[in-house]
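Just below is one structure, and these are the notes that go with it.
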Amino acid sequence: MIWKKIISREYSVQYCEIALNSISKKANHLIGNFYMKKPIILPRHKNQCFYFEEEERRKFISFITDEFTGSVKRFAYFKNLFKKLGIDYVNTCKKISDSNLQELNNQEIKILFLEYQQIAIDYTCIIWISFLLNEYWSERGRELVDKYDHQIREALFRPVKKSTVLIMQEEACKIKGNYKEIDKFWNKYKWISCLDLQNKPWSLKDVEDYISNLKIGDRYEKLDFQEALERAKLDNNKKEMFQMIKELGYIKDVRDDYRRKGIYFIQSLFAEISKRMNISLKEIAYLREEEILNFLDGKIIDLSNGKKRQEGFLLYLKDEKVLCFDQAISKELTDIGFREEESETSEIKGIVACKGIARGTVKIVVTVHDILKIKKGDILVAVTTHPDYVTAMQKSAAIVTDEGGILSHAAIVGRELGIPCIVGTNIATKVLQHGQIAEVDADKGVVKLIE
80 MIWKKIISRE YSVQYCEIAL NSISKKANHL IGNFYMKKPI ILPRHKNQCF YFEEEERRKF
140 ISFITDEFTG SVKRFAYFKN LFKKLGIDYV NTCKKISDSN LQELNNQEIK ILFLEYQQIA
200 IDYTCIIWIS FLLNEYWSER GRELVDKYDH QIREALFRPV KKSTVLIMQE EACKIKGNYK
260 EIDKFWNKYK WISCLDLQNK PWSLKDVEDY ISNLKIGDRY EKLDFQEALE RAKLDNNKKE
320 MFQMIKELGY IKDVRDDYRR KGIYFIQSLF AEISKRMNIS LKEIAYLREE EILNFLDGKI
380 IDLSNGKKRQ EGFLLYLKDE KVLCFDQAIS KELTDIGFRE EESETSEIKG IVACKGIARG
440 TVKIVVTVHD ILKIKKGDIL VAVTTHPDYV TAMQKSAAIV TDEGGILSHA AIVGRELGIP
500 CIVGTNIATK VLQHGQIAEV DADKGVVKLI E
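Residue numbering for the sequence shown follows this note's numbering, beginning at 80 and increasing consecutively.
Okay, structure coming up:
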């Protein structure tokens, strides 16, 4: 069997376990009998990499594309389900956060914890579905219009509504130097940095740095959707497909808004439990659900796991149960027959998200902490980007990512900033090295080292 890497993220055990359970039998009320049995999450370069067994991945994608995008009616159902689960997730997290947690006993805390775990599994299931649908349909769309110019492609793939990141940029431009408004801005968006339990909300200084480094690219005339359709000579069926792609692009952005807001609120529950354990919030993020439940039931658990697993961990399903290892990971992968799909090229080539050519010093960004390395004029090379990276992206001469497509965060922000941007290279962080001088030719979609 061959496993294909899907994403690489800086996630904790807590969220990774939820992510596995959300595509397992525990989510069959949402995905029926098409749940997965062989997903694997393994450590690599300070991140956790999510892998799906290739045959199982194909069957799952075939199911969700038919079930949720097979007709206009089914897609409408998917959009409503996504919105409902997203709102329910945020509201549940806020309700739990607003409880008098300090006054509750461990069994009352356990009830709230289990309530959170269930809504998190449900919402993460719809996150997976929206992510995979977006990847599938964006690629189908790109194959159709790759030959057309940048303006046409941008109009066809532009999400139906602006993302929070773009709205933030517009609002931030208007309040530079107005400290009263900056404080309001901070309170409105402090949740944006909550990628996972261990990530702190934005501080006021973080916001001030973001606004002071704000850069908006040269505004270019954008085609509207109808004009792009006419120039590309696309029929009504293709029009409906691209309309759906644009809506999936917006959902891709909103899904992370719901998730980060929920994490911002639910941190108070995990902070209360970690206080009772006498460990940090970061440490509890690396404990499993079973360990937390055992503690709340008065059982003795190995609290040192919260530190050990920060160096990396392996999660996979066996007999519909999540197993976790933080030692002898290579041996365990060999025992389960893990084989990774291998890249057949060392050429750094990807999808052009924003045209242009730039040269600079390569800075490899793997974790949020790595963004501090970025200086003005550097080439930002990352697995992927998300809102935490925006300040660094604003300083960069060009952006290159392993993951992502025409609707990825890097692509959208790169276009808005007017920075040369190439996404979906698969191998940039593996081939390039920190400190090398590189040329990013985002007219041709290639990256070359300068001798």
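Idealized CB from N, CA, C, for every residue including glycine.
In this text, all values refer to a predicted model and were calculated from it rather than measured experimentally.
CB contact flag (residue i, residue j, <9 Å)
i    : j    : result
C433 : G497 : yes
A507 : I430 : no
I408 : L121 : yes
L276 : F349 : yes
L235 : F321 : yes
G439 : A477 : yes
L293 : Q230 : no
F417 : I85  : no
I342 : G385 : no
S91  : K279 : no
R338 : Y468 : no
K116 : E135 : yes
L366 : I379 : no
P238 : L486 : yes
I324 : W216 : yes
I453 : H513 : no
G435 : A490 : no
E133 : I205 : no
Length of the line joining the Cα atoms of residue i and residue j
i    : j    : result
K240 : E530 : 43 Å
I175 : E194 : 9 Å
T413 : E399 : 20 Å
S242 : G328 : 9 Å
S291 : D285 : 10 Å
D481 : V224 : 22 Å
A98  : Q127 : 12 Å
A517 : D457 : 10 Å
L528 : D314 : 42 Å
F139 : F131 : 10 Å
I450 : D288 : 13 Å
N257 : A251 : 10 Å
S141 : N112 : 13 Å
D262 : L283 : 7 Å
I188 : Q197 : 14 Å
K474 : L459 : 9 Å
Beta-carbon separation (whole angstroms), residue i vs residue j, contact threshold 8 Å
i    : j    : result
G165 : V333 : 7 Å
A437 : V519 : 5 Å
K125 : T464 : With 8 Å as the limit, K125 and T464 do not qualify as a contact, their Cβ atoms being about 16 Å apart.
Reference residue i, options the options, closest by Cα
i    : options                   : result
L394 : I415, R153, D376 and L327 : I415
L396 : S101, S91, F264 and G149  : S101
T144 : Q93, N184, L211 and M80   : L211
R123 : F139, S103, E89 and E134  : E89
Q93  : E370, E495, Y468 and W216 : E370
K509 : K255, V462 and K116       : V462
L511 : T464, N373, V526 and P466 : V526
L302 : D336, G493 and E233       : E233
L274 : I208, H448, P499 and E300 : H448
A155 : K189, S272, E319 and R221 : E319
For residue i: DSSP bridge partner residues
i    : result
D228 : Answer is none; D228 lacks a bridge partner.
N126 : R123
K400 : K397
G111 : DSSP output for G111 lists no bridge partner at all.
G439 : A517
S87  : C128
K527 : E518
Below-9 Å beta-carbon distance, residue i vs any chain C residue
i    : result
P238 : The question asks about chain C, but that chain is absent: this structure has only one protein chain.
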